[in-house]
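Notes follow the structure.
2 protein chains.
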Amino acid sequence: MTIATTAAEKQLDLAALRNVPGFVIRLIQLKFFDGFYETFAELGLTPATYAILMLVRDNPGVVPSSIAALLRLQLPNLTKILHQLEDAGLVKRSRSKIDRRAIEITLTSKGEKLMRDAVRLTAPYNRRMLAPLNETERSTLIGLLNRICPF
Amino acid sequence: MTIATTAAEKQLDLAALRNVPGFVIRLIQLKFFDGFYETFAELGLTPATYAILMLVRDNPGVVPSSIAALLRLQLPNLTKILHQLEDAGLVKRSRSKIDRRAIEITLTSKGEKLMRDAVRLTAPYNRRMLAPLNETERSTLIGLLNRICPF
DNA sequence: TATTGTTATACTCTATAACTATA
DNA sequence: TATAGTTATAGAGTATAACAATA
Chain A
50 MTIATTAAEK QLDLAALRNV PGFVIRLIQL KFFDGFYETF AELGLTPATY
100 AILMLVRDNP GVVPSSIAAL LRLQLPNLTK ILHQLEDAGL VKRSRSKIDR
150 RAIEITLTSK GEKLMRDAVR LTAPYNRRML APLNETERST LIGLLNRICP
200 F
Chain B
50 MTIATTAAEK QLDLAALRNV PGFVIRLIQL KFFDGFYETF AELGLTPATY
100 AILMLVRDNP GVVPSSIAAL LRLQLPNLTK ILHQLEDAGL VKRSRSKIDR
150 RAIEITLTSK GEKLMRDAVR LTAPYNRRML APLNETERST LIGLLNRICP
200 F
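Chains A and B are the protein sequences, given in the same order. Using my numbering, count along the first sequence one by one with no gaps and you end on 200. Using my numbering, count along the second sequence one by one with no gaps and you end on 200.
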């Protein structure tokens, strides 16, 4: 006989952990990541590149240090990703004329097209992840999450 | 002059990303992890070991495959952690008499004491992470999160 | 034949230190 | 002297394959 591996089968007591938001949020985040790859893998996007490209789309000329601070990435790690995105022809890096240490990041037309495709997949993805909630509850959740989001 | 690195300083447009719950949840999760280490590092706990030990506390005799399935850990990775917890004297591993392939995990008295200490820190930690919300909003958020949590 | 747990290993993500060029 | 970005590297977390013991 197989040992049951789901909470329901095993009748595990999860009451304590369910009241630890950090634990619940971690499981939800894993669910969102799994769902993200199911939805966006066909575009070659990861959660990190999606966020970076969307940030660049809405803030053309943004510099790596700003991107890193907002997305909580270390600059060395972001540098590598930006070079990959440049190699893929999705972003352009150009020296700032104001501060020649800084690199201004913008989307290429290929990058813009990719993000248009990504945007089309975003609403269905969000709906699928929040499927257990009705429209009002989704809005409430998004509002509360933004209140505790660190920016 | 220093290039501003916070969203507020740079006046970055984040409207699109704020409406992507997966993105907001990722940032919140990083905040919870940072806060967790600030609070629980003195006890030597990580988010993973906290969850494992709490699960074992409430479900003595639970087997590794059940823990792994619930916490979304791969069994080989959990095996290593469980051996570390055993070496630290926090859990006991004993062969199941029903299925001699299975290992039943229980807390030692040292493990029980550690989790009593951890529980004392949990409520203040949760309150600190949810500080921007009032009591009603915290309950609403926890309820909604549990609705979309995958178990 | 399938499952539990283990070992070994590889891969990704993240973090840190040292360097350059610019300010 | 400090900052932006880069390079190299190390560490943690996660994933996969092969195996022994048991069902």
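C-beta atoms are modelled at their ideal positions from N, C-alpha and C, and glycine is treated no differently.
message = Going by C-alpha to C-alpha distance, which of B:L120, B:T157, B:R196, B:N175 sits closest to D136 of chain B?
response = As a working note, residue 136 of chain B is residue 87 in the second sequence. If we check each option's Cα against that of D136 of chain B, B:T157 comes out closest.
ask   = Between S143 of chain A and the rest of its own chain, which residues show a CB-CB distance below 8 Å, the 5 nearest in sequence each way excluded?
value = Reading the first sequence from its first residue, position 94 is the one you call residue 143 of chain A. So the list reads I152, E153, T155, once near-sequence residues are dropped.
request  = Output, in chain order, the set of chain B residues within a Cβ distance shorter than 9 Å of L104 of chain A.
outcome  = Here residue 104 of chain A is taken as the residue at index 55 of the first sequence, counted from 1. The contacting residues are L61, D62, L63, A65, L66.
task = Verify the CB distance criterion: does L182 of chain A have a CB-CB separation below 8 Å to chain B?
result = Stepping through the first sequence from its first residue, residue 182 of chain A is reached at position 133. Chain B, which has a Cβ nearer than 8 Å to the Cβ of L182 of chain A, makes this yes.
Beta-carbon proximity list for P215 of chain B, same chain, < 6 Å, skipping 5 on both sides = The structure shown does not extend to residue 215 of chain B, since chain B is modelled only from 50 to 200, so the question has no answer here.
key: Own chain residues within Cβ distance below 8 Å of M103 of chain B, not counting five before or after   = What you label residue 103 of chain B is simply residue 54 of the second sequence in a count that begins at 1. Result list for M103 of chain B: M164, A167, in chain order.
inquiry  = So that I know if they touch, is there some Cβ in chain A lying closer than 8 Å to that of N126 of chain B?
reply    = Within the second sequence, the letter at position 77 stands for residue 126 of chain B. No, because no Cβ of chain A sits closer than 8 Å to the Cβ of N126 of chain B.
message = Per DSSP, what are the beta-bridge partners of K141 of chain B in this structure?
response = Here residue 141 of chain B is taken as the residue at index 92 of the second sequence, counted from 1. Looking at the DSSP assignment, K141 of chain B forms a beta bridge with B:T155.
task = Return helix, strand or coil for V111 of chain A, following the three-state DSSP convention.
result = Translated into the one-based positions of the first sequence, residue 111 of chain A becomes position 62. Reduced to three states, the DSSP call for V111 of chain A is strand.
inquiry  = With H, G and I counted as helix, E and B as strand and the rest as coil, what does DSSP make of D148 of chain B?
reply    = As a working mapping, residue 148 of chain B is identified with position 99 in the second sequence. In this structure, D148 of chain B counts as coil in the three-state DSSP scheme.
inquiry  = I'd like the ranges of any alpha helix (DSSP H) spanning at least 4 consecutive residues and lying wholly in the segment 73 to 134 of chain A.
reply    = 96 to 107, 113 to 120
ask   = What is the DSSP secondary structure of A64 of chain B, counted as helix, strand or coil?
value = The residue you call residue 64 of chain B lines up with position 15 of the second sequence. In the structure shown, A64 of chain B sits in a helix (DSSP, three-state: H, G or I).
task = Count the CB pairs spanning the segment 125 to 141 of chain B and the segment 85 to 92 of chain B that are closer than 8 Å, and state whether there are at least three.
result = no
ask   = Which residues, in chain order, does the segment 175 to 200 of chain B contribute to contact with chain A at a C-beta distance below 9 Å?
value = N175, M178, L179, A180, P181, L182, E186, R187, T189, L190, I191, L193, L194, N195, R196, I197, C198, P199, F200
request  = Answer with yes or no whether the minimum CB distance from A90 of chain B to chain A is below 8 Å.
outcome  = The residue given as residue 90 of chain B occupies position 41 in the second sequence. Chain A contact via Cβ: absent.
message = Does the CB of T155 of chain B have a neighbour CB from chain A at under 8 Å?
response = Start at 1 with the first residue of the second sequence, and residue 155 of chain B comes out as number 106. It does not: the Cβ of T155 of chain B has no partner Cβ on chain A nearer than 8 Å.
ask   = Just to confirm, does A117 of chain B get its C-beta within under 7 Å of one of the non-hydrogen atoms of the ligand PLP?
value = Ligands displayed in this structure: none; no statement on the ligand PLP is therefore possible.
query = Which whole-angstrom value is the C-beta distance of V105 of chain A and V111 of chain A, which I expect to be below 8 Å?
reply = The count along the first sequence starts at 1 and reaches residue 105 of chain A at position 56. The count along the first sequence starts at 1 and reaches residue 111 of chain A at position 62. About 6 Å; that satisfies the 8 Å criterion.
inquiry  = Does the CB of K129 of chain B have a neighbour CB from chain A at under 8 Å?
reply    = Position 80 of the second sequence holds residue 129 of chain B. No, its Cβ sits nowhere closer than 8 Å to a Cβ of chain A.
query = Looking at C-alpha atoms only, which residue of B:N183, B:Y99, B:A118, B:R75 is the closest neighbour of L122 of chain A?
reply = What you label residue 122 of chain A is simply residue 73 of the first sequence in a count that begins at 1. That would be B:R75, whose Cα lies nearest to the Cα of L122 of chain A.
key: Outcome for M50 of chain B when other beta-carbon atoms lying within 10 angstroms are tallied against a minimum of 16   = Within the second sequence, the letter at position 1 stands for residue 50 of chain B. Residue placement at M50 of chain B is flagged as unreliable, the pLDDT there being 41, under the threshold of 50; a coordinate-derived value is accordingly withheld.
request  = Would you identify the three-state DSSP class for V69 of chain B, choosing helix, strand or coil?
outcome  = The residue you call residue 69 of chain B lines up with position 20 of the second sequence. Here V69 of chain B sits in coil by DSSP.
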